[in-house]
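Chains V and G, in that order, are what the protein sequence lines are.
Quick note on numbering: full-length UniProt numbering labels position 483 of the first sequence as 483, and the sequence is numbered without any gaps.
Quick note on numbering: full-length UniProt numbering labels position 328 of the second sequence as 328, and the sequence is numbered without any gaps.
First comes the structure, then the notes that go with it.
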Amino acid sequence: MHDQTLTQLAAALASGELSSRELTAHYLKRIERFDGTLNSYITVTADQALERAEAADKARAAGKAGLLTGIPLALKDIFCTQGVKTTCGSKMLDNFIAPYDATVVERLSAAGTVSLGKTNMDEFAMGSSNENSHYGAVKNPWDLSAVPGGSSGGSAAAVAADLAPAALGTDTGGSIRQPAAFCGITGLKPTYGRVSRFGIIAYASSLDQAGPMARSAEDCAHLMNVISGHDGRDSTSVTRGVPDYTETLGAPLSGLKIGLPKEYFGDGLTTEVEQAVREAIKVYESLGATVREVSLPHTHYAIPAYYVIAPAEASSNLSRYDGVRFGHRCDDPSDLFDLYTRSRAEGFGDEVKRRILIGTHTLSEGFFDAYYKKAQQVRRLIRQDFLDAFEEVDVLMGPASPTPAFDLGAKKDPVSMYLQDIYTIAVNLAGIPGISIPAGLAANRPVGLQILGTHFAEAKLLNVAHQFQQATDWHLQRPAFALENA
Amino acid sequence: MQWETVIGLEVHVQLATRSKIFSGAPTAFGAEPNTQACAVDLGLPGVLPVVNEQAVAMAVQFGLAVHAEIAEVSIFDRKNYFYPDLPKGYQTSQMYHPIVGPGEVEVTLDDDTTRRIRIHHAHLEEDAGKSLHEDIHGMTGIDLNRAGTPLLEIVSEPDMRNAKEAVAYLKALHSIVTYLGISDGNMAEGSMRCDVNVSVRPKGQEAFGTRAEIKNVNSFRFVERAIAFEVERQIELIEDGGKVVQETRLYDPDRDETRSMRTKEEANDYRYFPCPDLLPVVLDQAYLDHLRGQLPELPADKRERFQSALGLSAYDASVLSASREMAEFFEETFDVCGDAKQAANWVQGELSGALNRENLGVAQSPITARQLGELIARVIDGTINGKAAKQVFQALWNGQGESADEVIESKGLKQVTDTGAIEAMIDQVIQESPVQVAQYRDAEPDKRGKMIGYFVGQVMKASRGTANPQQVNGLLKEKLDALV
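See below:
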């Protein structure tokens with residue numbers, strides 16, 4: 001049953017062919033058997049999941065089931081869950097249990113879904129390989145010597161290896177789309193403000209956004225229907241109404257205008273990835289779309305601007321981890337300064353420290369204008385690039401990542417890791433939505449096609465992705481790991 | 001050398017919102033530690049701030065009251081520093097785009113002259129918690145009840161030239177915020193806290209001297225004393241060949257001195273940047289007009305009206321408009337008795353004296369404005385004389401009766417104006433005072449006027465204070481002069 005999409009599982013639950021308890025127990029068993037190898041979960045909440053599954057079955061028997069009632073899911077360990085540890089991949093929060101649920105967790109619970117547990121991630125969502133986790137690296141189910149991508153690497157690997165039918169991730173600079181691409185699944189980063197950030201541990205507040213990671217665009221549409229919408233507890237969430245994202249999935253693509261940003265097909269893009277992406281675009285042409293080249297002239301400023309803005313916000317967001325009220329506290333502090341410095345030195349990993357230092361520096365007196373202000377100006381230009389492009393075309397397409405999944409331990413230099421996000425990061429700076437879908441294989445590692453739309457164009461992106469998935473079966477391909485252990 | 005003092009004030013006013021500036025936790029003072037702090041106030045991971053609209057409205061009301069420009073767009077910034085009672089590691093404040101722009105306050109000095117003090121800006125921010133160093137032996141406790149309480153920081157221009165002006169300005173702000181009802185203004189509970197910037201310069205010099213900032217001076221008296229000490233310290237320092245260094249100082253009321261906390265070199269780099277969790281506060285004209293329409297009459301307007309429409313002296317008008325409670329008490333007293341001057345005299349005399357003796361605010365007065373007004377009315381209509389009125393006041397103060405009329409009735413204080421009855425009492429007194437009558441008769445005519453007082457006292461005593469003093473005076477004079 002684990003080879004089915006969330007949409008198929010929902011139908012099986014609705015028909016009574018399957019109970020949530022059976023389904024949940026099945027996934028828990030797979031996690032128990034295989035996750036020792038993958039390390040995609042930090043916390044598995046088996047007892048709680050079974051209880052919730054039984055409650056879901058009862059609700060269904062009582063005629064009170066919704067579409068997703070009884071569907072098991074995994075949550076990136078960045079979403080606060082009441083009563084269940086939320087570590088954010090950090091030693092700093094190894095003991096942290098939130099007294100509240102994130103809004104998206106609340107909404108998923110209200111929809112009757114069952115949380116299997118909390119998935120592994122780069123510490124505080126800072127990373128592109130999941131190697132920055134205090135809880136150890138995650139392996140890519142397609143090739144155990146490869147990384148799953150990051151920072152939502154655990155969520156991507158769990159879905160790819162059929163250890164969950166779907167998962168939630170967060171994306172600050174590509175953290176949903178890049179691991180989705182590396183693991184051969186579908187991942188959507190919604191428009192900034194579309195999904196509430198309340199209860200999501202902040203990395204860079206003006207960029208963070210939660211979204212679904214699943215088998216198919218259709219699965220993502222179902223999840224988007226649940227998690228989207230205004231939340232009074234997040235001032236940056238928008239009041240704009242939420243469409244039914246599944247309703248427009250049938251729309252034909254004839255006349256769709258696709259733009260290919262020339263900057264996304266330049267230096268650093270590997271041939272195999274480019275080939276797979278160009279093949280995918282041919283599929284779109286066969287579906288009636290037209291393709292033209294466009295330019296996003298400020299693309300090369302995206303990574304520098306991001307690595308000013310995101311660390312600046314992070315340096316401030318992470319100040320609360322001071323050992324005073326919660327989280328890691330060093331043993332026997334001699335005074336306040338010692339408490340601060342040692343608790344933080346012990347609690348944070350290297351990449352987190354690096355970004356706190358960068359952010360603290362760029363916000364400092366005398367540097368603020370040169371770095372932070374300038375980066376914000378660049379950010380506006382990048383956003384304008386996209387808005388200009390969407391005057392001409394409906395969607396933009398390109399690779400989600402310049403390479404397929406790289407080997408564990410391959411990227412020792414932080415800057416080479418940062419360059420991984422070259423095609424994803426500008427999207428967060430502009431606040432627009434983006435989706436990555438499986439579009440081929442390169443040396444048996446998946447290639448992701450990234451599709452971008454203007455603000456609040458999620459319905460369009462999901463349909464454009466869905467049409468591809470109706471015409472191809474890349475999204476149905478199984479990784480070696482999952483097949484061997486079926 | 002002649003020195004001139006330059007003073008600027010940064011005043012933090014706790015806004016009287018029901019809940020905190022960015023969370024729904026209550027703001028009441030004095031609760032058990034950490035019982036009024038929610039996840040947002042504790043800075044737990046993942047939680048987000050939401051601006052309290054009431055705090056925004058209050059800041060705007062203040063801005064309108066000081067004729068300030070209200071920013072169409074104001075932005076919250078983060079002020080980053082580590083301190084145990086600052087849960088998030090930053091204070092959310094408004095650094096670059098404050099909600100209230102330049103404005104001004106007119107202050108009245110003791111000699112009834114007025115000065116305009118310019119306000120540089122006022123911004124919204126959240127209060128920090130409190131570190132409790134005494135309560136737990138060998139450790140520091142953190143109470144986050146106060147964390148997230150809305151503050152309006154009002155920053156003046158360096159327009160004050162002596163301590164009296166600074167205090168007058170602070171009192172003017174106090175009366176504005178209490179009039180508006182946006183703060184209880186309770187300085188003892190920290191609802192209004194003051195940082196004082198002080199510098200000195202040779203008289204006639206235009207450039208400012210180097211300033212010291214004195215933190216957290218929390219009463220009118222301490223402001224005056226801290227400035228006095230600091231001015232003297234700076235002048236002495238310079239005259240002894242030293243230099244004032246820019247630094248933060250603390251006023252110690254027990255030792256009546258200021259001492260250095262940290263110098264400019266040790267100051268934090270707060271790394272201000274716009275808070276990405278909060279949207280800019282955008283205010284439109286309709287909203288401002290709506291709030292403007294709700295503004296109460298403000299102290300300066302009241303003071304002006306008390307003088308022009310009610311004919312009070314500048315001094316009376318200023319004292320009676322100083323606080324909203326005082327003004328409201330006076331105005332109700334006046335409404336009831338119909339005589340502004342009498343009402344002013346009673347409120348400032350008998351009432352204020354009694355309140356001061358028992359250390360009460362006008363809001364806690366045991367005698368109501370209505371009761372006082374009715375009492376004054378009875379003086380005006382001649383039902384009682386001034387002496388009896390004081391007795392009635394005392395009785396009402398002590399709760400012996402519901403109204404002036406009731407007390408007058410029960411104590412028999414109604415004034416005797418019947419000429420026959422007064423004459424009878426006078427005849428009796430004259431008859432019983434042969435020695436004094438003889439002295440009166442033998443005295444030089446111009447000394448007699450003083451001597452009549454004795455007889456008046458005796459007659460008043462005989463009437464138990466109820467005789468009309470003017471009548472007694474007139475009749476006595478006639479009768480005694482007839483004996484000469």
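Don't be surprised by glycine CBs; every beta carbon is placed ideally from N, CA and C.
Would G/K20 pass as an interface residue toward chain V - the criterion being a Cβ-Cβ separation below 9 Å?
no
For G/N145, count neighbouring Cβ atoms within 10 angstroms of its own Cβ and tell me buried if that reaches 16, exposed if not.
buried
In three-state terms, what does DSSP make of G/Q2?
coil
Taking buried to mean at least 16 other C-beta atoms within 10 Å of its own C-beta, is V/L13 buried or exposed?
buried
Top-ranked residue by Cα proximity to G/G373, from G/D405, G/Q364, G/R221, G/E4:
G/D405
Confirm, please, whether the CB-CB distance from V/L363 to V/A312 is below 9 Å.
yes
8 Å Cβ cut-off: residues of chain V touching G/Y90:
S316, S319
Would you give the residue range spanned by the beta strand (DSSP E) that residue 514 of chain G belongs to?
A question about residue 514 of chain G goes unanswered here, because the residues of chain G that appear run from 1 up to 484.
G/V407 versus chain V: which residues are under 9 Å apart at the beta carbon?
By Cβ distance, chain V contributes nothing, its closest Cβ being about 57 Å from G/V407, past 9 Å.
Output needed for G/A168: all residues of its chain with C-beta closer than 6 Å, excluding positions within five of it in sequence on either side, in chain order.
V107, L109
By DSSP, does V/F468 sit in helix, in strand, or in coil?
helix
Closer than 9 Å, CB to CB, is G/S80 near chain V or not?
Position check: residue 80 of chain G holds Asn in this sequence, whereas Ser was assumed. G/N80 counts as touching chain V.
Closer than 9 Å, Cβ to Cβ, to anything on chain V: give me those residues from the stretch 127-149 of chain G, in chain order.
T140, I142, L144
Using CA coordinates, which residue listed in G/V392, G/G103, G/N398, G/E423 is at the minimum distance from G/S410?
G/V392
State the CB to CB distance for the pair V/I432 and V/G453, rounded to an integer number of angstroms; the pair is presumed to be in contact (CB under 8 Å).
7 Å
Between which residues of its own chain and V/Q467 is the CB-CB distance below 7 Å, once the five residues before and five after are set aside?
L253, L287
So with Cβ pairs under 9 Å, would you call G/G46 a contact of chain V?
yes
What residues in the stretch 193-213 of chain V bring their beta carbon closer than 8 Å to a beta carbon of chain G?
R197, F198, G199, I200, I201, A202, A204, S205, S206
The stretch 76-88 of chain G in contact with the stretch 322-338 of chain V per 3-pair CB rule at 8 Å:
yes
G/V13 vs G/I154 beta-carbon contact at 9 Å
yes
Within 10 angstroms of its Cβ, does V/D231 collect 16 or more other Cβ (buried), or is it exposed?
buried
Residues within the stretch 252-285 of chain G neighbouring chain V, beta-carbon criterion of under 7 Å:
D269, R271, F273, P276, D277, L278, L279
Consult DSSP for residue 492 of chain V and reduce its assignment to one of helix, strand or coil.
The shown model of chain V, from 1 to 486, leaves out residue 492 of chain V, and the question about it has no answer.
Between which residues of its own chain and V/A251 is the CB-CB distance below 6 Å, once the five residues before and five after are set aside?
N463
Which same chain residues, not among the five before or five after G/A327, have their C-beta less than 7 Å away from its C-beta?
K302, L320, S321
Residue environment, V/A111, which counts as buried when at least 16 other CB atoms sit within 10 Å:
buried
Thinking V/D394 and V/K460 are a contact (beta carbons under 8 Å), I'd like their distance in whole angstroms, please.
7 Å
Given V/I356 as reference, the closest of V/S19, V/G36, V/Y203, V/K64 once Cα atoms are compared:
V/Y203
Quick test of your reading: V/L73 and V/S19, contact by CB under 8 Å. State the CB separation rounded to the nearest angstrom.
Contact doesn't hold; Cβ gap of about 17 Å is too wide.
Take G/A340 and list the residues in its own chain whose beta-carbon comes closer than 8 Å to its own, dropping the five residues that flank it on each side.
F306, L310, G311, L312, F334
Whole-angstrom Cβ separation of G/V223 and G/A166, contact assumed at under 8 Å?
6 Å
Short CB-CB distance (under 9 Å) between G/V50 and chain V:
yes
Considering only their Cβ atoms, is the gap separating V/G199 from V/Y41 smaller than 9 Å?
no
Which parts of the stretch 200-247 of chain G are runs of the alpha helix (DSSP H), unbroken and 4 residues or longer, counting only runs that do not cross its ends?
220-239
Can you tell me which residues form a DSSP beta bridge with residue 494 of chain V?
Here chain V has residues from 1 to 486 only, and residue 494 of chain V is not among them.
Would DSSP call V/A210 helix, strand or coil?
strand
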